[in-house]
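Colleague: Structure in structure tokens, see below.
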Amino acid sequence: MIPFDYRLAPDVDGAVAAATGWGGVAFLAGGTNLVDHMKLGVAAPEVLVDISRLPLDAVEELPDGGLRIGATVRNSDLAAHPAVRRDYPVLARALLSGASGQVRNLATTGGNLLQRTRCAYFQDLSTPCNKREPGTGCSAIGGYTRQHAILGASAHCVATHPSDMAVAMAALDAQVTVLGTSGRRVIPLVELHRLPGDEPHRDTVLSPSDLITAVELPPLPEGTRSLYRKVRDRASYAFALVSVAAVLRVEDGVVRDVRIALGGVAHKPWRARRAEDVLRGSPVDGSPADEEVFRRAAEAELAGAAPLAGNGFKVPLARNTVVSALRGLSREER
Amino acid sequence: MRVNVTVNGEPRQADDVWEGESLLFLLRERLGLPGSKNACEQGECGSCTVYLDNTPVCSCLVAAGQVQDREVRTVEGLADGDRLDPVQEAFVEAGAVQCGFCTPGLVVAAHDLLDRVPQPSDPEIREALAGNLCRCTGYEKILDAVRLAATRKAAPRGSGAQESGSR
Amino acid sequence: MSLTPAELTSAVSGGIGSSPQRPDGNLKVRGEFAYASDLWHEDMIWGATLRSPHPYARIVSIDLTEALQVPGVYAVLTHQDVPGQNRYGLEHKDQPVLAEEVVRYQGEPVALVGADHPETAQRAMKRIKVEYEVLTPVVDMETAADDTPLHPGGNLVRHVPVRRGDQHAEAEVVVTGRYEVGMQDQAFLGPESGLAVPDEEGGVDLYIATQWLHVDQAQVAAALGLPLEQVRLTLSGVGGAFGGREDLSMQVHACLLALHTGKPTKMVYNREESFYGHVHRHPAVLYYEHGADHTGRLVYVKARIYLDGGAYASSTGAVVANAATLGVGPYDVDNVTVDCWGVYTNNPPCGAMRGFGAVQAGFAYESQMDKLAEALGMDPVDLRIVNAMSEGSVMPTGQVIDSAAPVAQLLKLVKDKPMPPLSTVVDLRDMPGGVSNTTHGEGVVRGVGYAVGIKNICFSEGYDDYSTARVRLQVINGEPAALAHTAAAEVGQGLVTIMQQIVRTELGVERVTILPMDTSIGNGGSTSASRQTYVTGGAVKAACAAVREKLAKLAASRDLSAVDIAGTDLTGVDLAELLGDEVIDETVEWRHRATEPIDPETGQGNAHVQYGFAAHRAVVDVDVELGLVKVVELDCAQDVGKALNPQAVLGQIQGGSAQGLGLAVMEEIQTAGGKVRNPSFTDYLIPTVLDMPPMSIDVLELADPHAPYGVRGVGEPPTISSTPAIVAAIRAATGLALTRVPVRPEHITGT
């Protein structure tokens, strides 16, 4: 680990000020990803600004029925929050399917969004990696790619985003509040993370001194159902091979609203707009005939998939998981 | 830097702490408390689980500076003098301890579970312990131990609570 | 904290056949048990290892200049600083302590740093400049023998042929298959660690987590160029082993740094380094052909087995012999043609892991038995019972099984167990995919599978396998008290408890102290091959017998000769009165009956001491749509000869079965071009409590008349049959062939 300067942020504005003007700066909240990466040498900030004691740890129910989640709200607290459990089961499930209890007790909302990839080459300092060291090349391409992206990858990076929570939030049309040197701004969550393109070292659109202060969830209309499904190699405590967050509202046997996001398949939580387009307005009645619609929707999304040598299985697996999630939602008795 | 922290009820101070050290390193190498274990140091096994302000966390992922003025309780702080905590007692009796490297983390995780849910169902026990890896036992006797501890805690001492059966 | 581990004393009743508490249990639950990584010494420094990033490369140059300039660095060492022989190994001395001209695997130690803080050592390591000429690695075990030679003498470590009966036998029904076993890791939780303390005379004391103190001592002394008595080892707390601590890791390194700097030197691997720092289970490719008559009786079995030994031999030779001699499983087969090859490659070195060659063969021959049953239209358990070996059966090596071999009975026991009820989707944690809400029951298919396995117990092929035990009896505070001392490594399995139980049974005392294990006493042999209860237990029993003989003489001298101390139990004897101030102290070397080398052309010979058997039934639910497997129940029946500690026996069966489950559905070290891609517990997955199902276990106690108390080794057999039973169940649920373990979601969903 490289020596660094540790600063306890006095307040929210002070945190941004403390982080401004440094090349290598990082905000430290739960530490579950950053402390690990600092030990590995993957992250080597000059300045660490500890924001874990900032008053950003509240979950507020908004007058319009939505929810504002402070950036330092712990994953475990958020998953247990009555409003989340009641109104956003997709989010509660996604949170609970991530990591372990001891890690969720540390991990924060903002930190979870900014988790870095679990690509083995990214973590291995002895191999080239464009995300870790821009311009050195991508070792995953032509290497071991079982965990890697099938959608939206580039010739420079095929890493996937590891978060479960962010996938649920992508399906919920969450809005991220960011405080930067030029003030406060709101970014739709689906626009927070980037595709790798030719700058894979940039995971998000944020600059180093931008501080996420909150995530807002818009309200879901009455009758909306949601769920999260995750396929992984072990029953707990493993990253997703493929995951699906789905939000569905069916009225009078017709899909009125549907939002689907995929995890484990791309450099960012992958909002499945094409699948949504197929589904919106389609008849769905909980009968076996729905399967064909769900399948067509999933296949429409995955038509653009470009699997690598080691992860072709993710395409049918993602299709099956989307179908399974939609089937679950359409049949759920509430 | 200097870190002041309450550990197992005692105010403790450590000097010359390097900013990159973890709470686990602080406990093990600076405060003489090696009970919390260093099996992965990446938050992947639960062996270093301690209470931080009454919440179980992986101490390997907490930067030492972050515990300033906070309260830590480790496996060394669970027994009442010579008297083991019922969870500790049950782990020994049920045969839940083999090599024992996972034991401190599991004891803290089980202790936390029984504080929150005094009579947990089997699925609740499994869910609560899913962040603690054990390589020796296959977990069966760990489940026995948690069931036994729950029974013991429910029944006052000396009431003759029997060990729950092992399948 | 003292460097010397605590003496473990319990004063309770509890002889053999009961389950007294572990004497180290209280220390372990309190967090006060001193593992090797917990050791601390005044003025100690920290050692770190610079490892090769390449699987195969020539070292062009090493420049230490900048590393030596880092403040806080005491020493930076290379192979030039190894004063003795820079070669070690369990069977062949082929592995350098520190690499010389060539590195043969990713992670091979190249240089050492000793510094005042682990971080200082890391910083200095980054300043060591090693120039490599990267070479093309050899990574295919099937062609390695004919590829670039990685060692003098080529890449074949050992070939074991086994020939029995008619080599050209023909059969009515023939099934063939090719099977693969991935590279499994022991994944013990306590990382490799040790502390070396130099003495004033140029010698060293090493406190270390290992499986075998004396074989470490011999290798360390040779590398240091010191006589044995100047290299003293003491066993520190060991956080699991499972074979992974039979080879050296940092033993020599820590001693080198300590002797070079004159300072106590501690080394602790982190998890990533642990994956590079110990051998793994050999990956295997296995070709099988089974021929049977129409009733299902096996006519012949032919097999070609390839085991990837990686860069250095370790125990590959013995693993090859096991896979070959146990290669047809616990079945009567008159005509056998088996060839097994172990080869060098530039993959990570492989060696001992629980099951040791029998695991790889077991997956293949049990898969074949299911395939044969299907071809015959027979029930798979019935087919196995038709062919089950029994006492008096002849192994493919010609060895006659001369104690219980209840293979059919074990199979019947697991088959007759009640079936778990079908899940009614009450709790998603019970469904494939667990809490992630993956499955609601649609597309979930149940399957049931069976398997049985065979494992040799103790060391084989003429190895002089023995253990040394010392037992002392005296009166302390008016009560008789015993003390037992061996060098046999307690790695978590509970040997310390067993030793106390044996002493209590043999000497009729309650208070028994176990001394720390060290090299001040003779060799205890390895904690492997399921052998310690058998061999060190046998040695402790024999030492107790020697103590009783002395007691008998004492009784005679005191005119108490009517008491037959040597022959009966001692319950009626007042030991305190008899002993008075006398101290009886006896040390005994104890051997099991000898084995023979096998014929290098035919594989014939009485190679093994004892055989252990276990059978499993696995019940699985498979979500065929999402490729998820939930093992619903994993039941086992095993013959243990005599359960000296029934609770510990169950613990071994449960733990061994869990490791078999891991190999079946998740565990594999992934390599690409010789490089490990998942050296962490996030990427190398072992079962959690949510993956491991409840087990119903039947323990048979059919005493082996040749073994102390009739014991039969327990630790390994359950690891063998667990894996194929689970895969058979997944096959039954899905209809897929599944010829490779671990089975992953994509093997079920397809690509």
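Chains as they are written, first to last, in the working numbering: chain W, 1 to 334; chain F, 1 to 167; chain A, 1 to 751. All C-beta atoms, glycine included, are put in the ideal place defined by N, C-alpha and C. Keep in mind it's a predicted model, so treat the numbers as computed, not measured.
Using a C-beta cutoff of 9 Å, does PHE294 (chain W) count as contacting chain A?
Modeller: no
Colleague: Excluding sequence positions up to five away, which residues of its chain have a Cβ less than 8 Å from the Cβ of PRO221 (chain W)?
Modeller: ARG249 and ASP257
Colleague: Less than 8 Å between the CB atoms is what I'm expecting for LEU298 (chain A) and TYR331 (chain A), so what's the real figure, rounded?
Modeller: About 6 Å; that satisfies the 8 Å criterion.
Colleague: Against chain W, with Cβ distances strictly below 9 Å, would LYS630 (chain A) count as a contact?
Modeller: yes
Colleague: Could you tell me which residues DSSP pairs with CYS340 (chain A) in its beta bridges?
Modeller: Under DSSP, the beta-bridge partners assigned to CYS340 (chain A) are A:VAL160 and A:ILE305.
Colleague: How many angstroms separate the CA atom of GLN106 (chain A) from the CA atom of PHE25 (chain F)?
Modeller: 28 Å
Colleague: So, does the region 179-191 of chain A touch the region 618-627 of chain A, judging by three or more C-beta pairs under 8 Å?
Modeller: no
Colleague: Would you kindly work out how many angstroms separate the C-alpha atoms of GLN162 (chain F) and VAL97 (chain A), rounded to a whole number?
Modeller: Reliability fails at GLN162 (chain F), whose pLDDT of 44 lies under 50, so the model's placement of it is uncertain and no value is given.
Colleague: Indicate whether THR213 (chain W) and VAL12 (chain W) have their beta-carbon atoms separated by less than 9 Å.
Modeller: In this structure, VAL12 (chain W) lies closer than 9 Å to THR213 (chain W) by Cβ.
Colleague: What does DSSP give as the partner residue(s) for GLN175 (chain W) in the beta ladder?
Modeller: W:PRO188 and W:GLU216
Colleague: Got a sec: is the Cβ-Cβ distance from VAL62 (chain F) to anything in chain A below 9 Å?
Modeller: The beta carbon of VAL62 (chain F) sits no closer than 9 Å to any beta carbon of chain A.
Colleague: Pop quiz: THR145 (chain W) and ASN320 (chain W) are said to be a contact at Cβ under 8 Å. What is the actual Cβ separation, rounded to whole angstroms?
Modeller: The pair is not a contact, with the Cβ atoms about 20 Å apart (cut-off 8 Å).
Colleague: Does ALA48 (chain A) come within less than 9 Å of chain W when only Cβ atoms are used?
Modeller: no
Colleague: Please work out which residues of its chain come closer than 6 Å, Cβ to Cβ, to ALA648 (chain A), disregarding the five sequence neighbours upstream and downstream, and give them in chain order.
Modeller: GLY494
Colleague: The alpha helix (DSSP H) spanning SER59 (chain F) covers which residue range?
Modeller: For SER59 (chain F), no alpha helix (DSSP H) segment is defined, and its DSSP state is neither H nor E.
Colleague: If you compare alpha carbons, which of A:VAL162, A:GLU201 and A:THR49 is closest to ILE128 (chain A)?
Modeller: It is A:THR49.
Colleague: Can you list the residues of chain A that SER163 (chain W) reaches, using a CB-CB cut of under 9 Å?
Modeller: Under the 9 Å cutoff, chain A gives no residues; its nearest Cβ is about 14 Å from SER163 (chain W).
Colleague: Spell out a yes or no on whether the region 453-466 of chain A and the region 83-103 of chain F are touching, meaning 3 or more CB-CB pairs, one atom from each, closer than 8 Å.
Modeller: no
Colleague: Around the Cβ of THR148 (chain A), are there at least 16 other Cβ atoms within 10 angstroms (buried) or fewer (exposed)?
Modeller: exposed
Colleague: According to DSSP, is VAL215 (chain A) helix, strand or coil?
Modeller: Correct three-state label for VAL215 (chain A): helix.
Colleague: Could you name the residues of the same chain whose beta carbon sits closer than 6 Å to that of TYR287 (chain A), not counting the 5 residues immediately before and after it, in chain order?
Modeller: ARG178 and ARG304
Colleague: Is the CB of VAL42 (chain W) under 9 Å away from at least one CB in chain F?
Modeller: no
Colleague: Count the other CB atoms, across all protein chains shown, that sit within 10 Å of the CB of PRO349 (chain A); report buried if there are 16 or more and exposed otherwise.
Modeller: buried
Colleague: Cα-Cα, which of A:GLY262, A:LYS675, A:GLY538 and A:GLU716 is closest to PHE613 (chain A)?
Modeller: A:GLU716
Colleague: Which ranges would you report for the beta strand (DSSP E) in the region 239-286 of chain A if only whole runs of at least 3 residues count?
Modeller: 265-268
Colleague: Give a yes or no on whether the minimum CB-CB distance between CYS40 (chain F) and chain A is below 9 Å.
Modeller: yes
Colleague: Mind listing the chain W neighbours of GLU273 (chain A)? Cutoff is C-beta to C-beta under 8 Å, in chain order.
Modeller: Result: empty, since nearest Cβ-Cβ is about 12 Å, beyond 8 Å.
Colleague: Strictly under 9 Å for the Cβ-Cβ distance: is GLN115 (chain W) near chain A by that measure?
Modeller: no
Colleague: Cα separation between VAL381 (chain A) and VAL665 (chain A)?
Modeller: 22 Å
Colleague: Counting only Cβ-Cβ distances shorter than 9 Å, please list the residues of the region 19-51 of chain W near chain B, keeping chain order.
Modeller: Among the protein chains in the structure shown, which are W, F and A, there is no chain B.
Colleague: With burial defined as no fewer than 16 other Cβ atoms inside 10 Å of the residue's Cβ, what is the status of LEU143 (chain F): buried or exposed?
Modeller: buried
Colleague: Counting only runs that start and end within the region 62-117 of chain F, where is the alpha helix (DSSP H) found for 4 or more residues in a row?
Modeller: 86-94 and 103-116
Colleague: Looking at the unbroken alpha helix (DSSP H) that takes in ARG68 (chain W), where does it start and where does it end?
Modeller: It is not in any alpha helix (DSSP H) - ARG68 (chain W) instead sits in the beta strand (DSSP E) that spans 67-70.
Colleague: If you drop the 5 nearest sequence neighbours on each side, which residues of the same chain put their C-beta closer than 8 Å to that of GLN69 (chain A)?
Modeller: Short of 8 Å from the beta carbon of GLN69 (chain A), and not among the five residues preceding or following it, lie these beta carbons of its own chain, in chain order: ARG127.
Colleague: Using the three-state DSSP reduction, which class does ARG146 (chain W) fall into: helix, strand or coil?
Modeller: coil
Colleague: With 16 other CB atoms within 10 Å as the buried threshold, where does GLU333 (chain W) fall?
Modeller: In this predicted model, GLU333 (chain W) has a pLDDT of only 44, less than 50, meaning its place in the structure is not dependable; the value taken from the coordinates is given anyway. Burial call: exposed.
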